[in-house]
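Colleague: The structure that follows is given in the form of structure tokens.
2 protein chains.
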Amino acid sequence: MDTLTAIKARRAVKHYDPEHRLTEEEERTLLDAAMQSPTAFNIQHWRFVLVKDPALRQQIREVAWDQAQVTDASLLIIMTANKDAWKTPERYWAGAPQPVQDILVPAIDGYYNGKDQVQRDECMRSCGMAGQTIMLAAKAMGYDTCPMDGFDFDAVAKLIKLPDDHIISFMIAVGKGTKEAWAKPGQLGYEEVVIEDTF
Amino acid sequence: MDTLTAIKARRAVKHYDPEHRLTEEEERTLLDAAMQSPTAFNIQHWRFVLVKDPALRQQIREVAWDQAQVTDASLLIIMTANKDAWKTPERYWAGAPQPVQDILVPAIDGYYNGKDQVQRDECMRSCGMAGQTIMLAAKAMGYDTCPMDGFDFDAVAKLIKLPDDHIISFMIAVGKGTKEAWAKPGQLGYEEVVIEDTF
Numbered sequence: 120m121d122t123l124t125a126i127k128a129r130r131a132v133k134h135y136d137p138e139h140r141l142t143e144e145e146e147r148t149l150l151d152a153a154m155q156s157p158t159a160f161n162i163q164h165w166r167f168v169l170v171k172d173p174a175l176r177q178q179i180r181e182v183a184w185d186q187a188q189v190t191d192a193s194l195l196i197i198m199t200a201n202k203d204a205w206k207t208p209e210r211y212w213a214g215a216p217q218p219v220q221d222i223l224v225p226a227i228d229g230y231y232n233g234k235d236q237v238q239r240d241e242c243m244r245s246c247g248m249a250g251q252t253i254m255l256a257a258k259a260m261g262y263d264t265c266p267m268d269g270f271d272f273d274a275v276a277k278l279i280k281l282p283d284d285h286i287i288s289f290m291i292a293v294g295k296g297t298k299e300a301w302a303k304p305g306q307l308g309y310e311e312v313v314i315e316d317t318f
Numbered sequence: 120m121d122t123l124t125a126i127k128a129r130r131a132v133k134h135y136d137p138e139h140r141l142t143e144e145e146e147r148t149l150l151d152a153a154m155q156s157p158t159a160f161n162i163q164h165w166r167f168v169l170v171k172d173p174a175l176r177q178q179i180r181e182v183a184w185d186q187a188q189v190t191d192a193s194l195l196i197i198m199t200a201n202k203d204a205w206k207t208p209e210r211y212w213a214g215a216p217q218p219v220q221d222i223l224v225p226a227i228d229g230y231y232n233g234k235d236q237v238q239r240d241e242c243m244r245s246c247g248m249a250g251q252t253i254m255l256a257a258k259a260m261g262y263d264t265c266p267m268d269g270f271d272f273d274a275v276a277k278l279i280k281l282p283d284d285h286i287i288s289f290m291i292a293v294g295k296g297t298k299e300a301w302a303k304p305g306q307l308g309y310e311e312v313v314i315e316d317t318f
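From first to last, the protein sequence lines are chains A and B.
Count the first sequence with our numbering and you get residues 120 to 318, in order.
Count the second sequence with our numbering and you get residues 120 to 318, in order.
The following block contains the structure:
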């Protein structure tokens, strides 16, 4: 599917065929696409948790406002990130020429070390980019998606045994939609959203 | 361009043809695509600042580690968001059936009111999604991009007269690339990044 078509066709779909599952190959295509998303300094700090166990899905649904897509979608992906990924900078640049490594490896430490909010912002931003990649790739593969942040983040963290140095950004349901999304309910105008030069 | 192809072909490109500019129609296509990106509760809080004034671009370059793409790219987009967009919830659901409005409008207040970190996380996440939309749309339109967070955020905020209740998430340079991106320097394996069920 053409990229601009996929961007326009992607909508948050809430109802899914509970009998459908992605093939292993489709799942791999989707996650390989996600891993092509950019991260600052190539730190690749996202960690994508595929929730497949039906009992775990049910437990997550109970702390996610009882939303049906949590259990009914073909795949539930929890978008998490390792806040401490910047602490091992060498591995992200091991294949670069030495002069590039000499600049970038120390720059990573300087950018993140001791800056908790900067680390957190980076996790949210990178997961946003990777999440949109997943949603557009899924659309192009014939699937619908629903991005979700309506859930108890701490409870889901416990359920998936999230390490202390990781955080959850949001979740995405992926599957065969059975009902169209509702019409867009109140879209802002171009002039309000796009600003030239200064506010 | 096919969506999966665009996802694979998108790379952070640092060198641009400084003589090239997007047509007004191309610019509109790109920003219209960005506005199709999802936001939680449809709050559409992103505000995209197109920096066109060459003097302003030069000033931004000076607080952005002197990176050439800031002045040389066809377009520089500062991805900002209005942290207080949740305070006017009715407008995002004005076209929905009344029972939907009755549930969602108060839910918006409950989700964000008094929760500064939640508001900030939402800005970073939504700008991440919209930014990836821009980068993939640009690729499909024959352009390259470079996402950037290597700059002095406070200094750029002053330069674009960012309102106090808005925040910057990152910047994107868009244009005609003149040099290929370097080879990927140290990519993590699938097994490290993709987790099944629990850590």
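For every residue, glycine included, the Cβ atom is placed at its ideal position computed from N, Cα and C.
Can you pull the chain A residues whose beta carbon is under 9 Å from the beta carbon of F318 of chain B, in chain order?
Modeller: Going along chain A in sequence order, the residues near F318 of chain B (Cβ under 9 Å) are R166, V168, T199, I279, K280, L281, P282, H285.
Colleague: Checking 8 Å against the spacing of the C-beta atoms, do I253 of chain B and A152 of chain B come in under that value?
Modeller: Yes, these two residues count as a Cβ contact at 8 Å.
Colleague: Going by alpha carbons, who is nearest to Q251 of chain A out of A:D121, A:M120, A:I126?
Modeller: With distances taken between Cα atoms, Q251 of chain A lies closest to A:I126.
Colleague: Using the beta-carbon count (16 or more within 10 Å), is N232 of chain B buried or exposed?
Modeller: That one is exposed.
Colleague: Does any C-beta atom of chain B lie closer than 8 Å to the C-beta of R210 of chain A?
Modeller: So yes, R210 of chain A belongs to the interface.
Colleague: Which partner residues does T199 of chain B have in the DSSP bridge list?
Modeller: B:R166, B:I287, per the DSSP bridge assignment.
Colleague: List the endpoints of the continuous alpha helix (DSSP H) containing V313 of chain B.
Modeller: Per DSSP, V313 of chain B belongs to no alpha helix (DSSP H); it is in the beta strand (DSSP E), 313 to 315.
Colleague: Would F289 of chain A pass as a contact of M260 of chain A if the rule is Cβ separation under 8 Å?
Modeller: No, the Cβ-Cβ distance between F289 of chain A and M260 of chain A is not below 8 Å.
Colleague: Verify whether the separation of the beta carbon atoms of K171 of chain A and D271 of chain B is less than 8 Å.
Modeller: Going by C-beta atoms, K171 of chain A is not nearer than 8 Å to D271 of chain B.
Colleague: Where does the unbroken alpha helix (DSSP H) through D263 of chain B begin, and where does it stop?
Modeller: Segment 263 to 267 is the beta strand (DSSP E) holding D263 of chain B; no alpha helix (DSSP H) there.
Colleague: What in chain A is Cβ-close to D172 of chain B, meaning under 9 Å?
Modeller: E315, D316, T317, listed in chain order.
Colleague: Would you check if the distance between the CB atom of I287 of chain A and the CB atom of A276 of chain A is smaller than 8 Å?
Modeller: It is a contact, given that the beta carbons lie within the stated cut-off.
Colleague: Give me the Cβ distance between Q186 of chain A and G269 of chain A, rounded to the nearest whole Å; I'm assuming they're in contact under 8 Å.
Modeller: The pair is a contact, with the Cβ atoms about 7 Å apart (cut-off 8 Å).
Colleague: Which whole runs of the beta strand (DSSP E) in the stretch 185 to 253 of chain A are 3 residues long or more, in chain order?
Modeller: Runs of the beta strand (DSSP E) inside the stretch 185 to 253 of chain A: 194 to 201.
Colleague: Does the count of Cβ pairs from the stretch 236 to 245 of chain B and the stretch 132 to 140 of chain B closer than 8 Å reach three?
Modeller: Touching, no.
Colleague: Output needed in chain order: residues of the stretch 219 to 251 of chain A with a Cβ under 7 Å from some Cβ in chain B.
Modeller: Residues D240, M243, R244, S245, C246, G247, M248, G250, Q251.
Colleague: Counting C-beta neighbours from all protein chains within 10 Å, is the total for V313 of chain A 16 or more, i.e. buried, or is it exposed?
Modeller: With 16 or more Cβ atoms within 10 Å of its Cβ, V313 of chain A is classed as buried.
Colleague: Give the secondary structure of V182 of chain A by DSSP, where H, G and I count as helix, E and B as strand, and everything else as coil.
Modeller: The answer is coil: DSSP assigns V182 of chain A none of H, G, I, E or B.
Colleague: Can you give the Cα-Cα distance for A128 of chain B and C265 of chain B, rounded to whole angstroms?
Modeller: Using only the alpha carbons, I get a separation of about 13 Å.
Colleague: For Y211 of chain B, I'd like the list of residues in its chain whose CB is within less than 6 Å of its CB, leaving aside the five on either flank, ordered along the chain.
Modeller: So the list reads N161, I162, once near-sequence residues are dropped.
Colleague: From the DSSP output, in three-state form, read off V132 of chain B for me.
Modeller: Coil, per DSSP.
Colleague: Compute the beta-carbon to beta-carbon distance between A215 of chain A and P304 of chain B, rounded to the nearest angstrom, for a pair I have assumed lies under 8 Å.
Modeller: Confirmed, Cβ separation roughly 4 Å.
Colleague: Nearest CA to the CA of M198 of chain A: which residue from A:A159, A:A183, A:K298, A:S245?
Modeller: Cα-wise, what sits closest to M198 of chain A is A:S245.
Colleague: Quick check: the Cα distance between M281 of chain B and R130 of chain A, rounded to an integer number of angstroms?
Modeller: The question names Met, but residue 281 of chain B is Leu in the sequence shown. Roughly 30 Å between the two C-alpha positions.
Colleague: Over what stretch of residues does the alpha helix (DSSP H) that includes T148 of chain A continue unbroken?
Modeller: Start and end: 143 to 153.
Colleague: Starting from K127 of chain A, find everything on chain B with Cβ-Cβ shorter than 8 Å and list it in chain order.
Modeller: Within chain B, the residues near K127 of chain A are A152, Q155.
Colleague: Which two residues bound the contiguous alpha helix (DSSP H) that contains K277 of chain A?
Modeller: 272 to 278 is the span of the alpha helix (DSSP H), which, as asked, contains K277 of chain A.
Colleague: Answer with yes or no whether the minimum CB distance from P266 of chain B to chain A is below 8 Å.
Modeller: True, the Cβ-Cβ gap to chain A drops below 8 Å.
Colleague: Check the C-beta distance from V293 of chain A over to Y262 of chain A and give it rounded, since I have them as a contact under 8 Å.
Modeller: Correct: roughly 6 Å between the Cβ atoms.
Colleague: Out of B:D283, B:L194, B:W301, B:V224, which one is the CA nearest neighbour of K206 of chain B?
Modeller: The shortest Cα separation from K206 of chain B among B:D283, B:L194, B:W301, B:V224 belongs to B:V224.
Colleague: Thinking just about the alpha-carbon of each residue, which of A:L169, A:F318, A:H164, A:Q306 is nearest to the one in D283 of chain B?
Modeller: Of the listed residues, the one whose Cα sits closest to D283 of chain B is A:F318.
Colleague: Can you find a CB in chain A that lies within less than 8 Å of the CB of F270 of chain B?
Modeller: No - not a single Cβ of chain A is within 8 Å of the one on F270 of chain B.
Colleague: Kindly indicate which residue of B:H139, B:V168, B:A200, B:L123 has the alpha-carbon position closest to the one of T297 of chain B.
Modeller: When only C-alpha atoms are compared, the closest one is B:H139.
Colleague: Quick check on W301 of chain A: buried or exposed, where buried means 16 or more other Cβ atoms within 10 Å of its Cβ?
Modeller: The residue is exposed, with fewer than 16 neighbouring Cβ atoms inside 10 Å.
Colleague: In the structure shown, what three-state DSSP assignment does A300 of chain A receive?
Modeller: DSSP places A300 of chain A in coil when its eight states are reduced to three.
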